[in-house]
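As given, the protein sequences belong to chains A and B, one line each in that order. The opening position of the first sequence corresponds to residue -14 in the working numbering, with each subsequent residue numbered one higher. The opening position of the second sequence corresponds to residue 15 in the working numbering, with each subsequent residue numbered one higher. Down below is the structure, laid out as structure tokens.
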Amino acid sequence: MENTYEITLKIRRYDPDNERTWVQDYTLEAGRILRFTDVFRKINNEIDPSLAWNSSCEHAQCGTCAVKVNGKPLLACELLVENAVSHFGTTVFEVGPITVAPVVRDLIVDFEQAYERVNKVKPYIIEPAQNPNPGNEYQIDPRDLDYYVEATRCVNCFCCAEACISSHKGFLGPNAVMASIVRLMDPREQARDERLELLYSEEGIYRCHTSMACSFVCPKEIDVAHFIALAKAGKFKQETKK
Amino acid sequence: MANKFQINSTEHCDVLIIGGGGAGLRCAVEILEKRPGTKVVAVTKVAHVQKSHTTTAQGGLAAVCPEDPIDKPIYHMFDTWKGSDCAADQNIIKKIVESAWDQIVWLENHGMHFSRDEKGSLSKRTFGGHTLNFGEASAFRAVFEADRTGKGIIDTLWGEALRGGISFINQSIAVELIFREERCTGAVIFKQKEGKFVNVLAKATILAMGGSGQLFKVTTNCRQNTGDGLALILQAGLPIMDAEAVQFHPTGIVGPGILASETLRSVGGILRNRDLEPFMERYAPKMKELAPRDLVARAIETEVREGRGVLNPDHNIEHVWIDLRHLSDYVHDVQIPEVTGFFKKFVNIDPKKDLCPVRPSVHYHMGGIPTNEFGEVQKDVQGLISGLFAVGECAAASFHGFNRLGTNSILELITMGKFAGEKAIGTLDGDFSEPPGDAGEMTFSLFSKFFDGTGKENIGQIRQEMQTIMTEKVGIFRKENSLTEAIEALKALKDRTENISLSNKSLIMNQELMQRWELETLLAVSMVCAQGARNRKESRGGHFREDFPERKDEFNYHTLAHMTEFGKVTLGERPVDMSIYEARDENYEKFAVIERKY
Chain A
-14 MENTYEITLK
-4 IRRYDPDNER
6 TWVQDYTLEA
16 GRILRFTDVF
26 RKINNEIDPS
36 LAWNSSCEHA
46 QCGTCAVKVN
56 GKPLLACELL
66 VENAVSHFGT
76 TVFEVGPITV
86 APVVRDLIVD
96 FEQAYERVNK
106 VKPYIIEPAQ
116 NPNPGNEYQI
126 DPRDLDYYVE
136 ATRCVNCFCC
146 AEACISSHKG
156 FLGPNAVMAS
166 IVRLMDPREQ
176 ARDERLELLY
186 SEEGIYRCHT
196 SMACSFVCPK
206 EIDVAHFIAL
216 AKAGKFKQET
226 KK
Chain B
15 MANKFQINST
25 EHCDVLIIGG
35 GGAGLRCAVE
45 ILEKRPGTKV
55 VAVTKVAHVQ
65 KSHTTTAQGG
75 LAAVCPEDPI
85 DKPIYHMFDT
95 WKGSDCAADQ
105 NIIKKIVESA
115 WDQIVWLENH
125 GMHFSRDEKG
135 SLSKRTFGGH
145 TLNFGEASAF
155 RAVFEADRTG
165 KGIIDTLWGE
175 ALRGGISFIN
185 QSIAVELIFR
195 EERCTGAVIF
205 KQKEGKFVNV
215 LAKATILAMG
225 GSGQLFKVTT
235 NCRQNTGDGL
245 ALILQAGLPI
255 MDAEAVQFHP
265 TGIVGPGILA
275 SETLRSVGGI
285 LRNRDLEPFM
295 ERYAPKMKEL
305 APRDLVARAI
315 ETEVREGRGV
325 LNPDHNIEHV
335 WIDLRHLSDY
345 VHDVQIPEVT
355 GFFKKFVNID
365 PKKDLCPVRP
375 SVHYHMGGIP
385 TNEFGEVQKD
395 VQGLISGLFA
405 VGECAAASFH
415 GFNRLGTNSI
425 LELITMGKFA
435 GEKAIGTLDG
445 DFSEPPGDAG
455 EMTFSLFSKF
465 FDGTGKENIG
475 QIRQEMQTIM
485 TEKVGIFRKE
495 NSLTEAIEAL
505 KALKDRTENI
515 SLSNKSLIMN
525 QELMQRWELE
535 TLLAVSMVCA
545 QGARNRKESR
555 GGHFREDFPE
565 RKDEFNYHTL
575 AHMTEFGKVT
585 LGERPVDMSI
595 YEARDENYEK
605 FAVIERKY
């Protein structure tokens, strides 16, 4: 096993002051278990403090550091140098911002605009169902919860929307529709018609071509396509539960 | 150069919330729900509120269900008091604990996906330090959403805030508080994406700016947790409280700093040093790996300090090992899958076959902006700053004293957030204030200094040196001479910041500029933390002095610290509230100044 690797990052940069885009090469020695966020930090500290990149938790729980590496959308905090070398079979990596939202600078995109898609599906209970036991928690059978709990793990990193072959063409995108599907499966939600209307609208699930790229790239390993498939199969039309 | 900067616009709102984590959003939702139509603006440093540090909270929320046949709120209060090493305020403990269950139900009713038991009610689990009958047995008191309770809270509150019509200003920082006749009337906000300064004027301003884990080398905290709220308060000439009270978790995973939970030790994980010696036998012959957090953390640090640690070359961090290789596949696959997953993902090792690197990780700042039970910011022991509130980790009411119990932090967010919201509603009548003419000037001169700086110093380098000083001298072990050395070293670092030049002189999304600004806040908070620690010649909770290893009654108070110019710290005291004890009700004697022994 190598102790360090000499890697080259070809980073797509954007300077908003001069509206200039270019690719800059950074070659550096990187320890095998450095994550790509660590590598970006190392570039800042040792080579170029001006390189801009975004992150927050740096352990795959917030989705801020989503970037494209050799074309694949992923979380930079999860990509270890030695895994990148073996996964892509190279020590040269093209790194660029995700494209579901405009770039602000270098690898930083305007997440606020990406989130507009999620806001559209109303990521909350629109109309709460009557609680049979007011003043207490609504009882939810754990087996019912099991049907949709996976989908609640989504951190909105937008890797799925980036990989989706339809989300750049009028589709709300996998993570946004999944957020709505969660509430359709949640017995506490009553506004089912409103949710179904959006799901089957022009921007809705029929834009999906079932490439299943969403499930393939999801850093949280959520089977996003499964939830979309349930909606396509009309699962939520007939039933009030599950 | 100063004319390069200007206030680009002035916005008015009813409530300005600075920080969009659990506490800030809970406060926002309280206001929007109780007073629909209120104009609430929330500023967040991250790309979107869903990226806040609260999202990383795993374990759960402590709360006693009123229908619980054996658990009682008084036990939860006792555990919190004892855990705090008798330095929390009893009026705050009582208020938070008594409202806890209602707040859990509120979250559930608003759509949080809590884990359920067989009957469909909220599942509960045990957590360290939470007991029944004043320490007799473990209490099942923590409700949770799998291993992502904090994310459940944020998702729920973000949705509710959207529904209520909140406005977000993302990827932005508060650089200066605005005051008019002793009243806080908003803040100067720097919007990074646009590279613009704006005045946001408000009838109530709420600071919910999070913790300060980035003061140290290894931390569980997010990248943005640089103590901004504390620095903002110091800059305004106001005090911060108990800055020296920092919690270290014994086992952070080397690299990302994420917690390798206590469970690893409770299922039989063995701590080993460079020579693979199971060293806990020397520190706690009976309890070994199951000794309390602070003891385990000190044992690990001693091993590292005495040269029996192992250096991870990639992260340049010395560590010890936790050995899980002897545990059965069942334990690995069923009892500790999440944590073993972290080792696989972030260290690329298989805990079934390999030793796992761990080092104590800075987890939580008990200290913060001093407030009363409504989150109103105090200017001294008696007086309040009107129009200004503080909640969450940046604040200290104080619910945690000198040591926080697991599952009490996110409980504090949702309760204190609500209380501050309720209180703020009462302050919203009346006219909008106009900004004083000099709003922003302090900031512009600071930013001019950043832009005009010349020299070869590197921001990241100074920051790393600061983190090393704080870790080695103001960390798990503290003593007089090393604290003095740390204070001098921090001053030297501050001097070196004069020789930083920015390679990028843009205002738009300039990460280098942001890190330059953060360096000021980090150094300011470090300095106050180090001076508070030097002054407190005793050991209490997370604050351990090798030269004064026992707790002393003469230090039964909170430290209030002002810093008028860098390094010039003046220290005062705020008494610890003992109102449960003084009320002389049933079991009051449990709330005396008691020993913290488990």
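In this text, a Cβ means the ideal position worked out from N, Cα and C, and glycines have one as well. Note that the structure is a prediction, hence the values are computed from the model and not measured.
* Asked: Hey, is the segment 115 to 125 of chain B in contact with the segment 114 to 133 of chain A, meaning 3+ C-beta pairs nearer than 8 Å?
  -> yes
* Is the Cβ-Cβ distance between A:V209 and A:N141 less than 9 Å? -> The residue labelled residue 209 of chain A in the question sits at position 224 within the first sequence. The residue labelled residue 141 of chain A in the question sits at position 156 within the first sequence. No; because the gap between Cβ atoms is not below 9 Å, this pair is not in contact.
* To do: Compute every distance between the C-beta of A:H194 and the non-hydrogen atoms of the ligand HEM, then say whether any falls below 8 Å.
  => Of the ligands one can find in the structure shown there are none, so the ligand HEM has no counterpart to examine.
* Asked: Given a limit of 7 Å on CB to CB distance, which residues of the segment 522 to 533 of chain B reach chain A?
  -> I522, M523, Q525 and E526
* Within 10 angstroms of its Cβ, does A:A218 collect 16 or more other Cβ (buried), or is it exposed? -> Here residue 218 of chain A is taken as the residue at index 233 of the first sequence, counted from 1. Under this definition A:A218 is an exposed residue.
* **Cβ of A:D10 within 9 Å of any chain B Cβ** => Within the first sequence, residue 10 of chain A is the residue found at index 25, counting from 1. For A:D10, the answer is no, since every Cβ of chain B falls outside 9 Å of its Cβ.
* On the DSSP bridge assignment, give the partners of B:I1 in chain order. => Since the displayed chain B opens at 15 and closes at 612, residue 1 of chain B lies outside it and no answer follows.
* Determine the contact status of B:E560 and B:R492, defining contact as a CB-CB distance below 9 Å. => Residue 560 of chain B sits at position 546 when you count from the first residue of the second sequence. Residue 492 of chain B sits at position 478 when you count from the first residue of the second sequence. For B:E560 and B:R492, yes; Cβs fall inside 9 Å.
* Mind reading off the beta-carbon distance from B:Y378 to B:G225? Whole number of angstroms is fine, and I expect it under 8 Å. => As a position in the second sequence, residue 378 of chain B is number 364, starting the count at 1. As a position in the second sequence, residue 225 of chain B is number 211, starting the count at 1. That pair is a contact at about 7 Å.
* To do: Select from the segment 353 to 374 of chain B all residues with a C-beta closer than 9 Å to any C-beta belonging to chain A, and list them in chain order.
  => F356, K359, F360, V361, N362 and I363
* To do: Please determine, among A:C62, A:T49 and A:R5, the residue with the shortest C-alpha to C-alpha distance to A:D23.
  => Against the first sequence, residue 23 of chain A aligns to sequence position 38. Of the candidates A:C62, A:T49 and A:R5, the one whose C-alpha sits nearest the C-alpha of A:D23 is A:C62.
* Rounded to whole angstroms, what's the CA-CA distance from A:A37 to B:I183? Just pull it up for me. => The sequence position of residue 37 of chain A within the first sequence is 52, counting from 1. The sequence position of residue 183 of chain B within the second sequence is 169, counting from 1. Going by the C-alpha atoms only, they are around 20 Å apart.
* Are the C-beta of A:S35 and some C-beta of chain B separated by less than 9 Å? -> Start at 1 with the first residue of the first sequence, and residue 35 of chain A comes out as number 50. Yes, its Cβ sits closer than 9 Å to a Cβ of chain B.
* B:V376 beta carbon less than 9 Å from that of B:N601 -> Stepping through the second sequence from its first residue, residue 601 of chain B is reached at position 587. Stepping through the second sequence from its first residue, residue 376 of chain B is reached at position 362. Result no, Cβ atoms of B:N601 and B:V376 do not sit closer than 9 Å.
* To do: Please go through the segment 89 to 137 of chain B and give each complete beta strand (DSSP E) segment of 3 or more residues, from N-terminal end onward.
  => none
* To do: Identify each residue in the segment 41 to 71 of chain B for which the Cβ-Cβ distance to at least one residue of chain C is less than 8 Å, and report them in chain order.
  => In the structure shown, chain C cannot be found, because the protein chains are A and B.
* With a cut-off of 8 Å, do at least 3 Cβ pairs link the segment 357 to 375 of chain B to the segment 3 to 22 of chain A? -> yes
* Asked: Taking DSSP as the reference, what is the three-state secondary structure of B:Q545?
  -> Mapped onto the second sequence, residue 545 of chain B falls at position 531. Of the three classes helix, strand and coil, the one that applies to B:Q545 here is helix, per DSSP.
* Asked: Which residues in chain B sit within 9 Å of A:Q124, going by Cβ to Cβ distance?
  -> Translated into positions along the first sequence, residue 124 of chain A becomes position 139. Simply R130, K133, G134 and S135.
* In whole angstroms, what separates the C-alpha of B:E407 from that of B:E499? -> The count along the second sequence starts at 1 and reaches residue 407 of chain B at position 393. The count along the second sequence starts at 1 and reaches residue 499 of chain B at position 485. Taking the straight line from one Cα to the other gives about 28 Å.
* Asked: For the candidate residues A:G48, A:D2 and A:R(-2), whose alpha-carbon lies nearest to that of A:D10?
  -> Along the first sequence, one-based indexing puts residue 10 of chain A at 25. It is A:R(-2) whose Cα lies nearest to the Cα of A:D10.
* When burial is assigned at 16 or more other CB atoms within 10 Å of the CB, is B:K165 buried or exposed? -> On the second sequence, residue 165 of chain B is found 151 positions in, with the first residue counted as 1. Buried is the call here.
* If you draw a straight line from the alpha carbon of A:E297 to that of B:C543, how long is it in whole angstroms? -> The first residue shown for chain A is -14 and the last is 227, placing residue 297 of chain A beyond what the model contains.
* Just how far apart, CA to CA, sit B:I399 and B:F605? -> Locating residue 399 of chain B in the second sequence gives position 385, where the first residue counts as 1. Locating residue 605 of chain B in the second sequence gives position 591, where the first residue counts as 1. B:I399 and B:F605: Cα-Cα distance of roughly 30 Å.
* Asked: Does the beta carbon of B:F182 come closer than 9 Å to any beta carbon on chain A?
  -> As a position in the second sequence, residue 182 of chain B is number 168, starting the count at 1. Yes, because at least one Cβ of chain A sits closer than 9 Å to the Cβ of B:F182.
* Going along chain B in order, which residues have a C-beta closer than 7 Å to the C-beta of A:D95? -> Here residue 95 of chain A is taken as the residue at index 110 of the first sequence, counted from 1. Under the 7 Å cutoff, chain B gives K207.
* **Any chain A beta carbon closer than 9 Å to B:I350** => For the purposes of this step, residue 350 of chain B is taken as residue 336 along the second sequence, with counting starting at 1. Not closer than 9 Å to any Cβ of chain A, the Cβ of B:I350 fails to qualify, so no.
* Name the chain A residues that come within less than 7 Å of B:Q238, Cβ to Cβ? -> As a working note, residue 238 of chain B is residue 224 in the second sequence. Chain A residues near B:Q238: S41.
* Asked: Quick one: is B:A151 buried, meaning 16 or more other Cβ sit within 10 Å of its Cβ, or exposed?
  -> Translated into positions along the second sequence, residue 151 of chain B becomes position 137. Looking at its Cβ environment, which holds fewer than 16 other Cβ atoms inside 10 Å, B:A151 is exposed.
* Asked: To the nearest angstrom, how far is it from the Cα of B:A597 to the Cα of B:Q104?
  -> Numbered from its first residue, the second sequence carries residue 597 of chain B at position 583. Numbered from its first residue, the second sequence carries residue 104 of chain B at position 90. So the alpha carbons of these two residues sit roughly 11 Å apart.
* Asked: Which residues in chain A sit within 9 Å of B:L176, going by Cβ to Cβ distance?
  -> As a position in the second sequence, residue 176 of chain B is number 162, starting the count at 1. Here the neighbours are N104, K107, P108 and Y109.
* To do: Examine the Cβ distances between the segment 259 to 267 of chain B and the segment 310 to 320 of chain B and report whether three or more of them are shorter than 8 Å.
  => yes
* State the Cα-Cα distance for the pair B:M223 and B:G179, rounded to the nearest angstrom. => Counting from 1 along the second sequence, the entry for residue 223 of chain B is found at position 209. Counting from 1 along the second sequence, the entry for residue 179 of chain B is found at position 165. Whole-angstrom Cα-Cα distance: 21 Å.
* Listing by chain order, which chain A residues have their CB less than 7 Å from the CB of B:S520? -> By one-based count along the second sequence, residue 520 of chain B stands at place 506. Those within 7 Å of B:S520 in chain A are D2.
* Using a cut-off of 8 Å between C-beta atoms, extract the partners of B:P270 located in chain A. => The residue labelled residue 270 of chain B in the question sits at position 256 within the second sequence. Here the neighbours are R20, E43, H44 and C62.
* To do: Evaluate B:L304 with the Cβ neighbour count: other Cβ atoms within 10 Å of its Cβ, from every protein chain shown; 16 or more gives buried, anything less gives exposed.
  => Residue numbering aside, residue 304 of chain B sits at position 290 when the second sequence is read from its first letter. B:L304 should be labelled exposed.
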